[in-house]
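Engineer: Quick one: this structure, given as structure tokens, is what I'll be asking you about.
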Amino acid sequence: MTLLVDTSVWSLALRRDTQATEPQVHQLKDALFGSQTIVTTGLILQELLQGFSGPKAQAQIVERFAALPLLQPDRDDHIDAAALRNTCRRAGVQIGTIDALLAQLCIRYEATLLTTDKDFTHAAKHWPLRIWPSTA
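Each residue of the sequence shown is one higher than the last, beginning at 128 in this note's numbering.
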């Protein structure tokens, strides 16, 4: 299984002030030390770097993320993400622009999304998005 780990999970896992107890963080740790492939995208890296202050913390994040394959959205991904967002909106589900693009990248690359954000769970009811824990 390939996992795209959302910013929400990385933020919890990288915090130093408290021990994360969420099952998504435990899954991330298992995946990092197991046989699962973890991928990321520039948007997630950017969100993390914007959320952590100080050059030392930022340098550590950049260094750690250098080992992860980086998914690059193309023109069709942006078009499909807009369709995903519009479909969700018509169904009464609000999903942000960045989240729609992350969902589209998961769909394109057949990755499972590891997230704590419930908006993705609602979107998955209207679009073929796999969310961890996967039932498939």
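Even glycine gets a Cβ: it sits at the ideal position worked out from N, Cα and C.
Beta strand (DSSP E) containing Ile171: first to last residue?
Structural biologist: Unbroken run through Ile171 is the alpha helix (DSSP H), Gly169 to Gly178; no beta strand (DSSP E).
Engineer: If you draw a straight line from the alpha carbon of Pro255 to that of Thr214, how long is it in whole angstroms?
Structural biologist: About 12 Å.
Engineer: With a Cβ-Cβ cutoff of 7 Å, do Ala83 and Ala227 count as a contact?
Structural biologist: Look at the range of the chain in this structure, 128 to 263, and you will see that residue 83 is not part of it.
Engineer: Quick check: the Cα distance between Lys245 and Ala218, rounded to an integer number of angstroms?
Structural biologist: Taking the straight line from one Cα to the other gives about 16 Å.
Engineer: Ignoring anything shorter than 3 residues or poking outside the stretch 131-209, list the beta strand (DSSP E) runs there in chain order.
Structural biologist: Here the runs fully enclosed are 164-168.
Engineer: Once you ignore the five residues that flank Phe192 on each side, which residues in its own chain have a CB closer than 7 Å to its CB?
Structural biologist: Around Phe192: Thr167 and Leu172.
Engineer: Excluding five sequence neighbours on each side, which residues of the same chain lie with their C-beta closer than 8 Å to the C-beta of Ser261?
Structural biologist: Result list for Ser261: Met128 and Thr239, in chain order.
Engineer: Report the CB separation of Ala147 from Ala140 in whole angstroms; it is logged as a contact under 8 Å.
Structural biologist: Confirmed, Cβ separation roughly 6 Å.
Engineer: Ordered along the chain, which non-local residues of its own chain (more than five positions away) have a Cβ less than 8 Å from that of Thr248?
Structural biologist: Here the set comprises Ile258.
Engineer: Going by DSSP in three states, Ile258 sits in which element: helix, strand or coil?
Structural biologist: Of the three classes helix, strand and coil, the one that applies to Ile258 here is strand, per DSSP.
Engineer: Taking 7 Å as the threshold (C-beta atoms), are Glu174 and Thr134 in contact?
Structural biologist: Cβ distance < 7 Å, so Thr134 and Glu174 count as in contact.
Engineer: Can you name, in chain order, every residue of its own chain whose Cβ lies under 7 Å from the Cβ of Ile165, other than the five neighbours on each side?
Structural biologist: So the list reads Leu130, Val132, Ala158, Leu159 and Leu195, once near-sequence residues are dropped.
Engineer: Indicate the three-state DSSP secondary structure (helix, strand or coil) for Thr239 in the structure shown.
Structural biologist: Strand.
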